[in-house]
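In the numbering used here, the protein residues as written are 15 to 515.
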């Protein structure tokens, strides 16, 4: 709807009522309540299920029906002064009123008043704050984002209490008019980064935004890459930590999944628990995660390449054992690996889509039954079942679900290369992936930073998880605003004094 003169709120009550009824024709959930304010007529419009009816009766209709309320309607700002509603403001156009009505506000129109009023009385059913199921940890906060935007922003405000944390609103989607928030810490996030994100969100022209994945697909640098360039999380502590590093967050109404940008491959492989445990434990688990990252990508391909072309690389006793287990297998190693990998992926997806009560049982029992039956039937060998099982377990070590999916996708073309060219094909596939990662950007930031390009100071949070007192500087993203997080000399020192014994 264009905002021309015909969209302005009319002093005529009937004209405003006809305009709203015309827009919401055949909308049974939109209610209009007409009443008298002394000698003047008025009406309120609201959407059923999105408004607190008790507050509407108590704080709006009751005060307006009292004697003397009509005198306040003569002044454009007079009505809010007699209403005990915190969020009450004028609206100048019907289009603005529709936007507020769709967000749960109550619209108030008085005959003869030059403007309408939007009253913030929104109330709807919402999910309570719970622990994120996909990002469970042993030590750390147990709260996660919900589908309600103001609840999510309040959780961020509880962690970052400084007014330097800015929240910029957007309205995206011609039909859904979804509220999108850009969150950053002023002075930490580079101005160029903030400007770039604002421009990309402002350029979005689509009929509807139903989840943050829509925003991610419309603002990322390379949509054809299998690797995610924007981190996704349900955890307020992860978002807060990213904001303190100079990144920005994008919150979307109606979904608990928040976008963090820019992101790198190493940020995708980090868990919030790395920073809550002692630094030696965090470093050990991080190296374990890197190791299983490589296993997820290349183990089946390595097994296929060695069995097909490079028998001399296997010890004789192990080679004889594998050959004995494969003597009745009718398929080559490549077909055997593809058969098991596809079956395992199907079982994993089935376990995710099924109800929670039966999903885990079906995936576990299905994997055991199918693996045992396939081995007994002579379709696959026992070593191949072990390789696929280890690869599947390794993929569960990846903290970011989207990154794990990317590795699962790339495993198949590398497997084909290994089956056709052996270790040469495996290396060609790995080199192609590394070249692609080196060329990838996340809002202009290199995807392999700080490894490529090399930034020595930032490596203390990549290959190792340095102690908190040693991480004095923030990651260098698109600028160098407020580079130091803490002054020197924060390392704990043993107390001095005599032995009390």
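Just so it is clear, CB atoms sit at the ideal spot from N, CA and C, and this is done for glycine as well. Only a predicted model underlies this, so the values are computations on that prediction, with no experimental measurement involved.
> If we count the other Cβ atoms within 10 Å of its Cβ and call it buried at 16 or more, is residue 169 buried or exposed?
Replying inline: buried
> For the beta strand (DSSP E) that residue 103 lies in, which residues bound it at each end?
Replying inline: 102-105
>> Just to confirm my understanding: we take residue 518, look at its own chain, exclude 5 residues before and 5 after, and list those with CB closer than 8 angstroms. What are they?
In response: The shown model of the chain, from 15 to 515, leaves out residue 518, and the question about it has no answer.
> What is the C-beta distance between residue 473 and residue 402, in whole angstroms, given that I count them as a contact (C-beta under 8 angstroms)?
Replying inline: 34 angstroms between Cβ atoms; not a contact.
> Which value, in whole angstroms, describes the spacing of the CA atoms of residue 90 and residue 176?
Replying inline: Confidence at residue 90 is low in this model, with a pLDDT of 46, below 50, so its placement is unreliable and the value that follows should be read with caution. Distance between the alpha carbons of residue 90 and residue 176: 36 angstroms.
> For residue 451, which residues of its own chain have a beta-carbon under 6 angstroms away from its beta-carbon, when the five flanking residues on both sides are left out?
Replying inline: 461 and 462
> Which residue spans inside the segment 486-511 form an unbroken alpha helix (DSSP H) run of at least 4?
Replying inline: none
>> Restricting to Cα atoms, I'd like to know which of 464, 441 and 416 is closest to residue 148.
In response: 416
>> Need the endpoints of the beta strand (DSSP E) that residue 45 sits in, please.
In response: 44-51
>> Buried or exposed for residue 338, going by 16 or more other Cβ atoms inside 10 Å?
In response: exposed
> Along the chain, which unbroken stretches of the alpha helix (DSSP H) at least 4 residues long are found entirely within the segment 417-460?
Replying inline: 437-453
> Which one or two residues does DSSP pair with residue 413 in a beta bridge?
Replying inline: Residue 413 is not bridged to any residue.
> Does the Cβ of residue 525 have 16 or more other Cβ atoms within 10 Å, making it buried, or fewer, making it exposed?
Replying inline: Outside the displayed span of the chain (15 to 515) sits residue 525, for which this structure offers no information.
> Can you round the beta-carbon distance between residue 196 and residue 215 to whole angstroms, since I take them to be within the 8 angstroms contact cut?
Replying inline: 7 angstroms
>> For residue 102 and residue 131, which I take to be in contact (beta-carbon distance under 8 angstroms), what is that distance rounded to the nearest angstrom?
In response: 6 angstroms
>> I need the DSSP call for residue 60, collapsed to helix, strand or coil.
In response: strand
> Can you tell me whether residue 119 is buried or exposed, with buried defined as 16 or more other CB within 10 angstroms of its CB?
Replying inline: buried
>> For the ligand COA, is there any heavy atom lying closer than 7 angstroms to the beta carbon of residue 59?
In response: For the structure depicted, the ligand COA is absent and the ligand set is empty, with no information on it obtainable.
>> Given a cut-off of 8 angstroms on the beta-carbon distance, is the pair residue 232 and residue 268 in contact?
In response: no
> Between which two residues does the alpha helix (DSSP H) harbouring residue 350 extend?
Replying inline: 347-367
> Hey, how far is the Cα of residue 20 from the Cα of residue 128?
Replying inline: For residue 20, the predicted model reports a pLDDT of 47, less than 50, meaning its position is unreliable and no value from the coordinates is stated.
> Does the segment 206-214 come close enough to the segment 390-399 to have 3 or more Cβ pairs within less than 8 angstroms?
Replying inline: no
>> I need the straight-line Cα distance from residue 205 to residue 459, nearest angstrom please.
In response: 14 angstroms
> Would residue 302 be called buried (16 or more neighbouring beta carbons within 10 Å of its own) or exposed?
Replying inline: exposed
>> Is it buried or exposed, residue 78, if we count other Cβ atoms within 10 angstroms and call 16 or more buried?
In response: buried
>> I need the DSSP call for residue 90, collapsed to helix, strand or coil.
In response: Residue placement at residue 90 cannot be trusted, given a pLDDT of 46 that sits under 50; the coordinates are not used to answer.
> Taking the C-alpha atoms as reference points, what is the distance between residue 509 and residue 432?
Replying inline: 59 angstroms
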